[in-house]
Amino acid sequence: MGRTPRQHDRARGAVKRGLLLAFVWVVLTAGARDGLILGLAVVPAATWLSLHLLPYGGAVRLWRLAALLPGFLARSLVGGLDVAWRAFHPRMPLAPGWMERASRLPDGGRVALGGELSLMPGTLAAGSRGGRIILHVLDTTQDNAATITREEARLAALAAPEGRS
Amino acid sequence: MLELATDALTVALTAAGLVFFLAGTVGLIRFPDTFSRLHALTKADNLGLGFIVLGLALQAESWHAVFKLGLIWALALVAAGTAAQLVARTALRADEGGRPTRQAEGRE
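Residue numbers (the numbering used here), protein chains in the order written: chain Z, 6 to 170; chain B, 51 to 158.
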């Protein structure tokens, strides 16, 4: 009672963040009992620092992230195989080049997209300029634009409100 | 018998991991420029670590150890993606000689 929905969301965000970090703490201490006592101090401190560095800004839904994981792993496997094949090939088939792409994602989203694209086959983010992502591509003959569009749509869906996909 | 199969799988997975680490290093040495080399390092080493983590997870004695290995891989993944972007951005700026019109990266 008396709490605005916004505050309610923020509190929920803080609790979720705290639970996640508590889980990480239990993993790191292997569930040791004396570790749990120290965790009572460490987890709240880490949660505070985490919220300070990255304020709660709308729910990124963990289950949506989990749903994206298999596809991401498969495509980063393709990315690794692709670059390994090019590295070992005697003639080293490369056709490097540059691309620029406008992105509707906010700042943090662009960084995440850049990090993800750097693990996908043939693309590497090299910062952004005026809202446009600068990308280095390993092979200009492959369809790099499709890769970018696909990854951007996936990340955008991750942060979208419930009910919209 | 099951133990033998698990051990064999561990050997296969960690061996695959080593091949990817080797590929990353070969790419680092052979590829022609900073940016292409970054592709090799980021993508191949990420897979190398992933396969080694998988292989070791099969030998883990507790669920904590499995999650800890997973955490190591996830953190290395995020670090690799971030570091690759930072190196590429800095190298690009250096290539362009820091011309004033080009210094707005990541500001908007």
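Using N, Cα and C, we set each Cβ at its ideal position, and we do this for glycine too. All figures in this text were calculated on a predicted structure; none of them were measured in a lab.
Residue i at chain B interface by Cβ criterion, 7 Å
i	result
A92(Z)	yes
A72(Z)	no
G84(Z)	yes
P101(Z)	yes
T152(Z)	no
A107(Z)	no
A27(Z)	no
H141(Z)	yes
M97(Z)	yes
A89(Z)	yes
A161(Z)	no
DSSP state of residue i mapped onto helix, strand, coil
i	result
S123(Z)	coil
S108(Z)	coil
G102(Z)	strand
D144(Z)	strand
S133(Z)	strand
T128(Z)	strand
Span separating the alpha-carbon of residue i from that of residue j
i	j	result
L54(B)	G23(Z)	41 Å
G120(B)	R143(B)	35 Å
N96(B)	L104(B)	12 Å
F93(Z)	A90(B)	11 Å
V4(Z)	T132(B)	Past the edges of chain Z, shown from 6 to 170, lies residue 4(Z), and the structure says nothing about it.
V137(B)	R134(Z)	16 Å
A35(Z)	T52(Z)	20 Å
D150(Z)	L163(Z)	The sequence shown places Ala at residue 150(Z), not Asp. Approximately 20 Å, taken between the alpha carbons.
L26(Z)	P95(Z)	47 Å
G102(Z)	Q147(Z)	11 Å
G120(Z)	A130(Z)	7 Å
I153(Z)	A65(B)	32 Å
A98(Z)	S123(Z)	According to the sequence as given, residue 98(Z) is Pro; it is not Ala. Cα to Cα, the separation comes out at about 19 Å.
R139(B)	G132(Z)	5 Å
G113(Z)	Q135(B)	13 Å
D122(B)	A100(Z)	The residue you asked about is not Asp; residue 122(B) is Ile in the sequence shown. Approximately 33 Å between the Cα atoms of the pair.
P1(Z)	I79(B)	It is not possible to answer for residue 1(Z), since the shown part of chain Z is limited to 6 through 170.
A60(Z)	V48(Z)	What sits at residue 60(Z) in the sequence shown is Pro, not Ala. Rounded to whole angstroms, P60(Z) to V48(Z) spans 17 Å at the Cα level.
H13(Z)	V116(B)	34 Å
I102(B)	L143(Z)	26 Å
R137(Z)	A50(Z)	37 Å
Short CB-CB distance (under 7 Å) between residue i and chain Z
i	result
A55(B)	no
V103(B)	no
F85(B)	yes
L142(B)	yes
A65(B)	no
F223(B)	With chain B represented from 51 up to 158, any question about residue 223(B) goes unanswered, as that position is not in the structure.
R149(B)	Low confidence applies to R149(B): its pLDDT is 49, below 50, so where it sits in the model is not reliable, and the reading given next is rough at best. No, because no Cβ of chain Z sits closer than 7 Å to the Cβ of R149(B).
A62(B)	no
A73(B)	yes
State whether the region 82 to 94 of chain Z contacts the region 36 to 47 of chain Z, with contact taken as three or more CB pairs (one from each stretch) at a distance under 8 Å. Here the region 82 to 94 of chain Z does not lie against the region 36 to 47 of chain Z, with fewer than 3 beta-carbon pairs under 8 Å apart.
Check whether the region 69 to 78 of chain Z and the region 63 to 73 of chain B touch, using three or more Cβ-Cβ pairs below 8 Å as the test. When Cβ pairs closer than 8 Å are counted between the two stretches, the region 69 to 78 of chain Z is seen not to touch the region 63 to 73 of chain B, the count staying below three.
Where the region 38 to 66 of chain Z meets chain B: residues whose CB sits under 9 Å from a CB there: Nothing from the region 38 to 66 of chain Z brings a Cβ to less than 9 Å from some Cβ of chain B.
Just by C-beta distance, which residues in the region 109 to 137 of chain B are closer than 8 Å to chain Z? Residues are counted here when their Cβ sits less than 8 Å from a Cβ of chain Z; for the region 109 to 137 of chain B these are S112, H114, A115, F117, K118, L121, L127, V128, A130, G131, T132, A134 and Q135, given in chain order.
For the region 115 to 135 of chain Z, which residues have a beta carbon sitting closer than 9 Å to at least one beta carbon of chain B? So the close ones are R115, V116, A117, G119, G120, E121, L122, S123, L124, M125, P126, G127, T128, L129, A130, A131, G132, S133, R134 and G135.
State whether the region 143 to 158 of chain Z contacts the region 95 to 109 of chain Z, with contact taken as three or more CB pairs (one from each stretch) at a distance under 8 Å. Three or more Cβ pairs drawn from the region 143 to 158 of chain Z and the region 95 to 109 of chain Z lie within less than 8 Å of each other, which places the two stretches in contact.
Mind listing which residues of the region 88 to 101 of chain B have their C-beta closer than 7 Å to chain Z's C-betas, in chain order? Listed in chain order, the positions of the region 88 to 101 of chain B with a beta carbon within less than 7 Å of a beta carbon of chain Z are L88, H89, A90, T92, K93, A94, N96 and L97.
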